[in-house]
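Residue numbers (the UniProt record's numbering), protein chains in the order written: chain Y, 1 to 342; chain S, 1 to 342.
From the three backbone atoms N, C-alpha and C, an ideal C-beta is built for every residue, glycine too.
None of the values given here were measured: they were computed from a predicted structure.
There are 2 protein chains.
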Amino acid sequence: MTLKSVAAALNVSTATISNAFNRPDQLSQALRRKILTECKKLGYHGPNATARTLRRGQSDAIGVMLSDPLAYYFTDPVASQFLTGIAEVLEQNRKQLLLLSGAESEDRKGGIESLADGFIVYGSQDENQLFMRVLETGKPVVTVDFDYKDYPSVNIDNYQAAFNIAHYLFNSGCTRPVVLGIRLIDSKRIGRIVEDELFEERESISRRRLNGYLDAAKDAGVDLPLQQIWHIPQNNHQLALQAASEVLSMYPLPDCVICMSDVVATAVLNVAHDRKIRVPDQLKVVGFDDIPEASRISPSLTTVSQHSIEKGRMAAKKVLSGGPQAKTKTLLPTQLTVRQSS
Amino acid sequence: MTLKSVAAALNVSTATISNAFNRPDQLSQALRRKILTECKKLGYHGPNATARTLRRGQSDAIGVMLSDPLAYYFTDPVASQFLTGIAEVLEQNRKQLLLLSGAESEDRKGGIESLADGFIVYGSQDENQLFMRVLETGKPVVTVDFDYKDYPSVNIDNYQAAFNIAHYLFNSGCTRPVVLGIRLIDSKRIGRIVEDELFEERESISRRRLNGYLDAAKDAGVDLPLQQIWHIPQNNHQLALQAASEVLSMYPLPDCVICMSDVVATAVLNVAHDRKIRVPDQLKVVGFDDIPEASRISPSLTTVSQHSIEKGRMAAKKVLSGGPQAKTKTLLPTQLTVRQSS
DNA sequence: GAAAAATTCTTAAACGTTTAAGTTTGTTTT
DNA sequence: AAAACAAACTTAAACGTTTAAGAATTTTTC
């Protein structure tokens with residue numbers, strides 16, 4: 001069933017059929033109604049989306065791009081919340097949601113950029129080919145959790161938030177902290193940071209958070225040497241369990257574990273629970289993000305609350321209203337949420 | 001940058017450029033290499049995906065359709081795992097993942113069907129327009145968690161699994177059960193089922209599970225009257241908290257709560273914890289699905305394990321290999337996983 | 001060394017729409 | 001009643017590709 005064949009069947013021009021679907025004011029009510037009912041009978045459910053997109057140069061879809069494989073979009077609680085926010089706004093505005101895998105391989109057939117009218121790019125994309133191509137399209141691009149040149153962005157103050165939660169911890173008496181960092185360095189390995197690994201300059205969320213922790217430690221006169229900083233290659237419960245297991249085998253035990261995400265922090269809580277390490281008495285644990293599970297887990301988790309859903313909503317709104325008022329960089333607030341784990 | 005303009009710049013035909021990208025054997029190595037490097041210089045990253053799709057009648061994307069708004073795809077742990085499995089397989093096979101909102105409104109511009117080469121449809125779609133349109137495309141369709149005519153499907157034996165877990169509960173001494181059901185009836189209300197509501201015949205996962213519970217009760221000589229069966233309109237922690245709160249206010253307290261999902265069961269555990277009701281001593285709680293949180297929560301949750309990721313993988317594989325061996329209905333195994341909550 | 005076959009490239013028609021511009025008919029204005 | 005306008009519909013070109021069929025050249029075969 002094509003528009004053409006419908007036109008033939010009804011003995012009108014294709015333009016008229018098209019108008020019946022797209023521009024009701026271009027034909028008489030009577031004819032339009034006749035066309036629409038006839039289309040239903042014929043099983044024609046409206047113009048082919050691909051052809052429509054090609055001709056109009058508009059797809060009514062927004063592309064979302066993470067730097068991870070697709071599976072991550074559904075696995076990570078923060079990413080999920082973020083996408084939930086996006087989906088909400090897009091659905092209200094009758095846009096489709098196109099998930100682009102940032103792990104797109106080099107030789108991937110190109111041109112995917114053409115499938116979306118705008119892009120939301122989440123998380124640093126240092127060397128990403130696809131990101132560069134997306135920029136070249138000239139279509140609206142909003143970056144999230146990182147900044148790129150003058151492009152509009154939605155972000156939080158990672159440094160300040162990290163500083164605050166660490167400051168709070170050190171103020172409540174912690175003196176032997178361990179930091180569990182995510183993707184601090186470019187290695188698949190789990191474990192301590194080695195001396196000079198950290199010094200290749202690289203901007204990332206993790207770096208900013210780490211700097212917050214370090215400065216808070218300095219401020220409080222707490223010793224936080226490099227060998228107390230651990231690296232996990234991905235924000236993932238399994239890996240975090242492994243890391244937590246090693247960290248909680250240290251002697252003497254640290255008196256607090258500062259995690260760069262709640263996913264990691266819950267893993268620490270799990271291991272602590274198994275080892276009968278009392279939280280918060282023996283060990284304080286804090287996370288980052290405030291994922292839903294953080295308030296449900298026992299002991300509930302002290303963390304930095306950021307409204308990931310709102311982040312998604314905001315990003316979606318920005319990319320939709322290409323207007324200049326949306327061309328700004330937004331910094332969303334965060335909040336220290338103290339619960340039982342500290 | 002279009003293929004045409006590149007062809008002009010290099011003084012060859014469009015066919016040759018196209019072949020350079022799609023059929024390397026159709027031109028000389030030398031020319032191909034020259035074209036590709038030149039394309040990079042010109043900033044042409046490959047054929048426009050829309051035009052390509054239109055011409056080839058193939059999009060290299062698979063559509064996934066839930067009967068819920070898009071946000072649900074990212075919110076619900078089971079849906080997320082399912083999608084994770086799909087994403088994994090699709091990525092391996094270099095297919096795109098297109099999320100179709102089942103809540104698509106009537107007057108939505110049609111033709112979305114054309115954007116995918118095949119469809120995975122999750123959860124019953126009784127009257128869904130979009131589902132019918134999808135079927136009409138004649139493209140491969142795989143249904144999940146429900147069956148439709150002869151279409152291939154991936155499913156579990158909901159009745160049997162439900163029977164088993166209830167049977168286990170009643171065998172361990174429970175005599176005053178409450179069932180927390182999801183979407184048992186067509187109402188947004190939370191609360192007890194009223195007499196005849198249940199009798200409008202309707203096939204659904206919930207119904208099958210309920211039947212399993214009921215038959216197990218009958219088998220064990222346990223009384224499970226209609227007024228002990230509660231309805232929650234959506235599988236959602238918030239709503240479940242409300243329902244749980246009401247259920248745990250009953251006097252006398254039930255001695256077990258049988259939940260149709262782990263999301264609901266965790267809510268019951270949360271409320272029980274707040275009310276200082278001891279699980280499993282005073283109250284046993286069981287769920288369904290075995291979501292990741294089920295093993296992490298304390299007390300950990302007794303539930304029916306189903307491998308949702310595998311379900312996704314299976315569905316994706318089926319829809320990709322349109323072959324006849326994939327035209328079968330698959331029943332994945334489930335397993336009773338006993339943990340601390342019972 | 002001529003016929004056959006293979007290689008390399010081109011021509012041109014499709015894919016299913018949208019839309020500016022044009023045509024026809026009917027309605028208003030003066 | 002002619003001129004101007006509005007309404008309803010049609011014509012035809014374009015959107016950016018792919019691909020079957022053909023043309024030109026080179027290589028193989030006997």
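Mind checking residue 47/Y: buried by the 16 CB within 10 Å criterion, or exposed?
In this structure residue 47/Y is buried. Its beta-carbon is surrounded by 16 or more other beta-carbon atoms within 10 angstroms.
Name, please, each residue of chain S whose Cβ falls closer than 7 Å to the Cβ of residue 49/Y.
111, 112, 114 and 115
In chain order, what are the residue ranges of uninterrupted alpha helix (DSSP H) at least 4 long that sit wholly in the segment 264–313 of chain S?
292–296
Using 8 Å as the threshold, is the segment 175–185 of chain Y in touch with the segment 254–270 of chain Y, meaning 3 or more CB pairs across them?
The segment 175–185 of chain Y, when compared against the segment 254–270 of chain Y, does touch it at the 8 Å Cβ threshold.
Quick one: Cα of residue 16/Y to Cα of residue 26/Y, how far?
8 Å
Taking 8 Å as the cut-off, decide whether the C-beta atoms of residue 297/Y and residue 320/Y are in contact.
Between residue 297/Y and residue 320/Y, the CB-CB gap reaches or exceeds 8 Å.
Can residue 70/S and residue 35/S be called in contact, C-beta distance under 8 Å?
no
Is the distance from the Cβ of residue 283/S to the Cβ of residue 310/S below 8 Å?
Cβ distance not < 8 Å, so residue 283/S and residue 310/S don't count as in contact.
Can the beta-carbon of residue 159/S be found closer than 8 Å to that of residue 202/S?
no
Once the 5 residues before and after residue 334/S are set aside, which same chain residues still bring their CB inside 6 Å of it?
Excluding positions up to five away in sequence, the list reads 156, 161, 304 and 306.
For residue 141/S, the residue or residues it bridges with in DSSP
119/S
Could I get the ranges of all uninterrupted alpha helix (DSSP H) runs contained in the segment 57–93 of chain S, with 4 residues as the minimum, in chain order?
As far as the segment 57–93 of chain S is concerned, its whole alpha helix (DSSP H) runs of at least 4 residues are 70–75 and 77–92.
Are there three or more Cβ pairs, one per stretch, closer than 8 Å when the segment 113–125 of chain Y is compared with the segment 134–151 of chain Y?
yes
Residue environment, residue 286/S, which counts as buried when at least 16 other CB atoms sit within 10 Å
In this structure residue 286/S is buried. Its beta-carbon is surrounded by 16 or more other beta-carbon atoms within 10 angstroms.
Please list the partners that residue 84/S has in chain Y, where partner means a Cβ-to-Cβ separation under 9 Å.
70, 71, 72, 73, 74 and 75
Would you say residue 97/Y and residue 79/Y are within 8 Å of each other, going by their C-beta atoms?
no
Quick one, which residues of the segment 272–306 of chain S are near chain Y if we go by CB-CB under 8 Å, in chain order?
Contact residues of the segment 272–306 of chain S toward chain Y are 273, 292, 293, 296, 297 and 298 (C-beta to C-beta distance below 8 Å).
Buried or exposed: which applies to residue 37/Y, given that a residue is buried once 16 or more other Cβ atoms fall within 10 Å of its Cβ?
exposed
Simplified DSSP assignment, three categories, for residue 53/S
helix
Could you have a look at residue 153/Y and say whether DSSP puts it in helix, strand or coil?
Here residue 153/Y sits in strand by DSSP.
Short CB-CB distance (under 8 Å) between residue 143/S and chain Y
no
Answer yes or no: does any C-beta atom of chain Y fall closer than 8 Å to that of residue 266/S?
yes
Is there a Cβ of chain S sitting closer than 8 Å to that of residue 133/Y, yes or no?
yes
In chain Y, what lies closer than 7 Å to residue 97/S by C-beta?
70 and 99
Close beta carbons around residue 147/Y, own chain, < 8 Å, minus the five adjacent residues each side
Result list for residue 147/Y: 153, 155 and 329, in chain order.
When DSSP labels each residue in this structure, what does residue 47/Y get in the three-state scheme?
Of the three classes helix, strand and coil, the one that applies to residue 47/Y here is coil, per DSSP.
Got a sec: is the Cβ-Cβ distance from residue 88/Y to anything in chain S below 8 Å?
yes
Look up residue 335/Y in the DSSP assignment and give the residues it is bridged to.
According to DSSP, which records beta bridges pairwise, residue 335/Y is partnered with 305/Y.
What does residue 54/Y touch in chain S if you count any residue whose Cβ is under 7 Å from its own?
50, 51 and 54
Which whole runs of the beta strand (DSSP E) in the segment 172–250 of chain S are 3 residues long or more, in chain order?
177–182 and 229–232
CB residue 232/Y to CB residue 239/Y, shorter than 8 Å?
Cβ atoms of residue 232/Y and residue 239/Y: closer than 8 Å.
For residue 96/Y, name the three-state secondary structure that DSSP assigns.
strand
Starting from residue 6/Y, follow the alpha helix (DSSP H) in both directions and report where the run begins and ends.
3–10
Thinking C-beta only, is residue 341/Y closer than 8 Å to residue 300/Y?
For residue 300/Y and residue 341/Y, yes; Cβs fall inside 8 Å.
Spatial neighbours of residue 7/Y within its chain, please: CB distance less than 8 Å, with the 5 preceding and 5 following residues excluded, ordered by chain position.
13, 14, 16 and 17
Nearest-angstrom Cα separation, counted from residue 219/Y out to residue 174/Y:
13 Å
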